[in-house]
Structure formats: C-alpha cells, structure tokens
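Participant:
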Amino acid sequence: MALVEIDKAYKHYGSLVVLNGLSLEIKEHQVVCLIGPSGCGKSTLLRCINRLETIQKGEIRLHGDRITGPGVDLDVLRREIGIVFQGYNLFPHMSVIENITLGPLKVLGMGKAEARDKGMALLSRIGLSHKAEEFPDRLSGGQQQRVAIVRALMMDPALLLLDEITSALDPELVSEVLDIVRDLAAKGMTMVLATHEMGFAREVADKVCFLQEGVVYEEGPPSRIFGDPQGERTKAFLKRIIDAGRL
Amino acid sequence: MNTTAAMASVERANQWRARSRVRAYGALTRAAFSIAAVTFMSVAATAIAIAQFMVQEGWDAVPVWIAGAIPALLCLLVAGRAVQAVRLSMGARSSDDVYEARALGAKASEVSWKTISHSIAFLILCALAWFMVVNDAAVSRTFFDMDLITRSATTVLKAFGTNVLIFAVSAVLILVWALVIAIARTLPGEAGRPIRTIAIIYSDLFRGLPAIITIYLIGFGLPLTNLPVLKDLSSNAYAIIALTLTYGAYTSEVYRAGIESVHPSQIAAARSLGLSYFRTMRYVIVPQAVRGIIPPLMNNCISLQKDTALVAIIGTIDAFNQSKIIASNNFNLSAVMTVAIIFILITIPQARFVDKLIERDRSKRRSG
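Taken in sequence, the protein lines are chains P and G. Read in full-length UniProt numbering, the first sequence has 207 at position 207, and its numbers run on one by one without any break. Read in full-length UniProt numbering, the second sequence has 241 at position 241, and its numbers run on one by one without any break.
#1: Is the CB of W16/G under 7 Å away from at least one CB in chain P?
#2: What residues from chain P crowd round G315/G, counting only those whose CB sits closer than 9 Å?
#3: Taking its Cβ as the centre, do 16 or more other Cβ atoms sit within 10 Å of S152/G, making it buried, or is it exposed?
#4: From the DSSP output, which residues share a beta bridge with E59/P?
#5: Between F167/G and T338/G, which are expected to be in contact by the criterion C-beta below 8 Å, what is the C-beta distance as a whole number of angstroms?
#6: With H, G and I counted as helix, E and B as strand and the rest as coil, what does DSSP make of K207/P?
#7: A158/P CB to nearest chain G CB: under 7 Å?
#8: Decide if T54/P is buried, meaning its Cβ has at least 16 other Cβ atoms within 10 Å, or exposed.
#9: Got a sec: which bits of the stretch 61–84 of chain P sit with their beta carbon under 9 Å from any beta carbon on chain G, in order along the chain?
#10: For R23/G, return the contacting residues in chain B, with the cut-off set at a CB-CB distance below 9 Å.
#11: Examine chain P for any beta-carbon lying closer than 7 Å to the beta-carbon of G368/G, and answer yes or no.
#12: Going by beta-carbon coordinates alone, are V32/P and K207/P separated by less than 7 Å?
#13: For S9/G, return the contacting residues in chain P, with the cut-off set at a CB-CB distance below 7 Å.
#14: Given a limit of 7 Å on CB to CB distance, which residues of the stretch 81–94 of chain G reach chain P?
#15: Can you grab the Cα-Cα spacing for the pair G105/G / Y13/P, in whole Å?
#16: Does the CB of R360/G have a neighbour CB from chain P at under 7 Å?
#17: Is there a Cβ from chain P that is less than 7 Å from the Cβ of A69/G?
#18: Find the nearest neighbour of F160/G within the set A24/G, R362/G, N321/G, S94/G, judged by alpha-carbon distance.
#19: Helix, strand or coil: how does DSSP classify A191/G here?
#20: State the DSSP-derived secondary structure class of Y88/P, mapped to helix, strand or coil.
#21: Could you tell me which residues DSSP puts in a beta bridge with G82/P?
#22: Among A340/G, A327/G, T29/G, N299/G, which residue has its Cα nearest to the Cα of I358/G?
#23: Is Q15/G buried or exposed, if buried means 16 or more other CB atoms sit within 10 Å of its CB?
#24: Applying a beta-carbon distance threshold of less than 9 Å, which residues of chain P neighbour A103/G?
#25: Should the stretch 72–86 of chain P be called in touch with the stretch 43–54 of chain G, which here means at least 3 C-beta pairs below 8 Å?
#26: At a Cβ threshold of 7 Å, is A108/G touching chain P?
#27: Just how far apart, CA to CA, sit L173/P and R146/P?
#28: Return the chain-ordered list of same chain residues with a C-beta closer than 6 Å to the C-beta of S89/G, the five sequence neighbours on each side being excluded.
#29: For A351/G, return the contacting residues in chain P, with the cut-off set at a CB-CB distance below 8 Å.
#30: Please confirm if S112/G has its CB atom under 7 Å from at least one CB of chain P.
#31: Specify, as a first and last residue, the run of the alpha helix (DSSP H) that Y255/G falls within.
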C-alpha cells in the first residue's frame, strides 16, 4: 500500500481551478519530484496533503486512511507530515535551538534535555551546532533553510513535504540545502518536492511528475521524463528549461 | 524492502491509526450542555425577577412579560442545540463507519463551542441586567432616567455643535501640522540636525503633557499674557490650538512610522532618477506612507473627537459642559448620559470603518 494516495483531488479558488482531479501515489521511501510551470498547482498540492489547504472534491489517504473531510485530527496529521516552506518561516523571536525543539517539547511531550540533545545531534549533522543559540535573522538564507528542515525532522515525520525550498536562495547557497535532501533520500526518508532544480530532481527523484493545469500530465522515472518525455507539453516545458540553461 | 523495514512501516501505520482515532467529544458536549442549562436557569430567574420588579413599578404587565420571555426562550434554544451536540457525540461514539463518526464528532464539537460561547454571552448580559436593577434599580435611575435624557437631548445636541466645530478645524490643522513635524523629524544628514532636534523636543514635550493640562494652560494662560491677538481669542480657538499641539505630536509619530516603513530602496530608486530629497518625499515616499497609516490616523481621529470633551475645563459650553449644567439642575446624571450616547453613536461607525480598512489592508497583504 502506498503511504499517500491522492485520488482525483479537485480544488479551485473562485473561478481559478488549481487542482483538476489530480491523482498521485507516493510509496514509502520514495522521493517524488513535482515539476511544472508556475501556477500549475505544485505548492497547492503539497499544502493540501498536510491540510493547510482543503480540497473540494476527491480524497487523500495516508496509510490507507482518509485524511480529507470533516473530523480529521489535524494536529495528529501534521505530526505525521512535515513541511518546509520556500521562505523558511522560522520563528524570528526564538533562537535556533528553541525553534527546533518547540514541536518536540510542546507536541510530543519530550523532556527538555532529550529534545535539546536530539536537536544538537541533528544540528551537528548539518554542521550548524555552533549556531544553536543564534537567532534566525543572524543566519544566511541557506543556514535558515537547513534549520527549517531540521525543525521538520525533529518530529520524526513519516513524510516530508518540501515546497520550493531553494527558490529564495542565492545560487551559491543552494547546494548546502540540497546536500541535506540528498542525505535524507539516501536514508530512506519519504519526500515530495516541488522544485525548479531540474538537475537535482533528475539525480535524486525516484519518480518525477510533470504537473500541468491541475493534473499530473506525465509521470515516470527521471531518466524517462528528462531523457525521453512522451507528452507534447512536457517536451515544450523541458525545452524552455534547457533554452534557459537550467538543465 | 526487507522484512524489518516492512514491519517498521506497518508499525508506523498502526501508530498513526491509534493516534488519529475518532474523537466523539463526549466531555465537551456534556460540559456545553451543563453550561447551557445553568445559563437557561439564570436567565429565566433574572427575567422573572426583573419583570416582577417592573410590574411593581407600574409598567404594563403584558409587554414586560413578553420582553422577559424572549431572552429566556433564546436560552432554551441554546440549550436545545446543546442537546443536539450531546446526541451527535453519542452518534459519533456508536457509529461503525469511521468517516461518518469523524464527521459527527466534528459537528458535535462545533455545535458545543457555539453553545458555550452563546451561553457565556447570555451570562454576561444577565450579570449586567442584575447590575441595573439591584438596590431598587439605583443604577438605572441614576444613569438612565429616560425622561431627562429625552428632555435634555435637543439642548445637548445643540451644544455638541461646538465639539464638532472644534474637532473639524483641529483635525485639518493636525493633519498638516503633523506632516510638517514628521518631515522635520526625518530630515537627513548633518544639516538637518538642528531642526530634527527641535522637532523631537516638541513631540516629546507634547506627548508627555496630558491633553487636559495643555488645554488648561493655554485656555487660561494665554489671556493672562496680554500678548496682542493671542489674548483676545475665543475659548474655542484656545481649545483648537491646544488640541492641535497635543495631537500634532501624536500624529507626527504616526506619519513618521509610515515614512520609515517605506523601504529605503524606494528612496534609492527615486534619488537615482535625479529627484531631489523633497521631491522624493512628495512623489514617492509620502504617498506610500499615507496608504499604510490610514487606520492609525483614523484611530487618532476618533480619539480627538472624544477629547473635544476636555475643553469643558476652560469653560467652553460644549456638549459635556451643557449636560453637566442640566445634570446639576436635576440632581441626576442622565443628562450626561445623553452626551455619552451621542459620542458613542458617532464613533462606533468610524471604529467599524477602521476595522474594515485594517481588514482590507490585511487581505491585500495576504494575497500579495
């Protein structure tokens, strides 16, 4: 059974249809990359999976259990699904260690010392243990985004959603963030990435989905999507990317 | 996938199912029901007590009892919703279909919270009602003598014209004066320093000085100075000067916050086109600053309207002073309540308007 099954999800804002009966399966330990033009619904899809947004029709299941519709305990759901945002969204009034231990302390009920140890362990894995007491605005964008990933990981999520996490970063800072994602992929973390980093998607993804007008227009292993795309629109999109020198 | 990994993932799924169990909200619905029941009883008891009292005072029995029955019936409705919540919750517990149970549970919780908040609102109103009628309705008689309120309304309303005049003139003066101060405070460089310093001293002084003291000093002090022109002004004019000085200091801070909230890159862009400092302010910075500060400006405006009542201290016959005269003639404060009501009636629409502006601003920022 797939970890997440998205079944004909439909969502619109007013007259603008964002998801138009989109279906997608995410298996455990799979890294799924969502690519496609701006406004094709990548971010919305991610936000619907952890219920920051609500779909209007269709169904999303986690561990085979429907998580759309009324009465789903969202706090429990979000313990299971972590998300990292494009703009980091760290809490500016808390130090790095406070940022990453807030969830474990308040939600998981972890002890203070244990949470701190776990946080420091994860921080040193990404080479930021010396920044534990700093406040987010003293950190570079790349460092902030790495802390944001750690904040999500502290909850031991079954699934990690990454929403264009390198789009706001200067080019030379992108790799330090992608290295962590690569490392997580190797450790078997299930992840869904909305990304514009085609080279990275090609390297790290088990499955690439090209989204177009609210549906998965074409999906497959990266070798096929990037090497031998079938759909006209996929070809056109990739040609634009290559012409822009981004692949 | 090897067996241990498969087992781990089954374990994980089971853990998830255990945590995301159906919530029936039994305790919450029962609490909502108890609160609703208590509310119904308190409101009914209050309505009966007040109605009996009013009938005793010679009011017509029928309308009084009908008026008393309305809140009691409304509370009964709330209690009915609470019963519905309890039943929904029981349905959620006994349903075999997980999804149906979740939907019922969610509905039960929503209905419970609604009943609880309605009940609390009714209890607060109930407490206020008691406050009005205890001690032989002393509170009602002192503050809400309807007869005196209606009798004094015309005179007080006429005097309120003075408040409107003071407000209207000083509002215009303040908007201009405060902008001047704000620009003086944000003057750049070494050359701007003396003027900046003066502006800072001014706004510190007049923000620190209570408005009532400023009005008192100007209203009684200037006539004593024998300065030409200044000694012969009307008390309205003194009030306008004093309020402009006080509110100018506050409002200049609002402007300044607006000016400083415009990103410095905008100055860079405007200066790069060759615009002078003042033209940059005039065409680029101030227009952007003003848009963001309309809600706080409106707040100051409301505050200014209310503070026009302070001019009563220098003997201006404004609505407050007029009503005090009526109140002392009648040994009853209800005339002052007339002014209170007038002030409230004119400020409430503005307060809502400010809320709307803030909301519009926020939704713009959300979508942007």
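Ideal placement from N, C-alpha and C gives every residue a C-beta, glycine not left out.
Facilitator: From the atom records:
#1: yes
#2: For a Cβ distance threshold of 9 Å, nothing in chain P lies close to G315/G: the least Cβ distance comes to about 51 Å.
#3: buried
#4: D7/P
#5: F167/G to T338/G, Cβ: 18 Å. No contact.
#6: strand
#7: yes
#8: exposed
#9: L62, H63, G64, D65, R66, I67, G69, P70, G71, V72, D73, V76, L77, R79, E80
#10: Given the protein chain composition of this structure (P and G), no chain B is represented.
#11: Annotation note: pLDDT 46 at G368/G (below 50); position unreliable, coordinate value reported separately. For G368/G, the answer is no, since every Cβ of chain P falls outside 7 Å of its Cβ.
#12: yes
#13: E28
#14: none
#15: C-alpha of G105/G to C-alpha of Y13/P: approximately 28 Å in a straight line.
#16: Taking 7 Å as the threshold, the shortest C-beta distance from R360/G to chain P does not fall below it.
#17: no
#18: N321/G
#19: coil
#20: coil
#21: Answer by DSSP bridge pairing, in chain order: L160/P.
#22: N299/G
#23: Q15/G sits exposed, since fewer than 16 C-beta atoms from the chains shown fall within 10 Å of its C-beta.
#24: G69, P70, G71
#25: no
#26: no
#27: 10 Å
#28: A24, Y25, G26, T29, A108
#29: Near A351/G there are no residues of chain P at all, since even the closest Cβ is about 30 Å away, more than 8 Å.
#30: no
#31: 235–261
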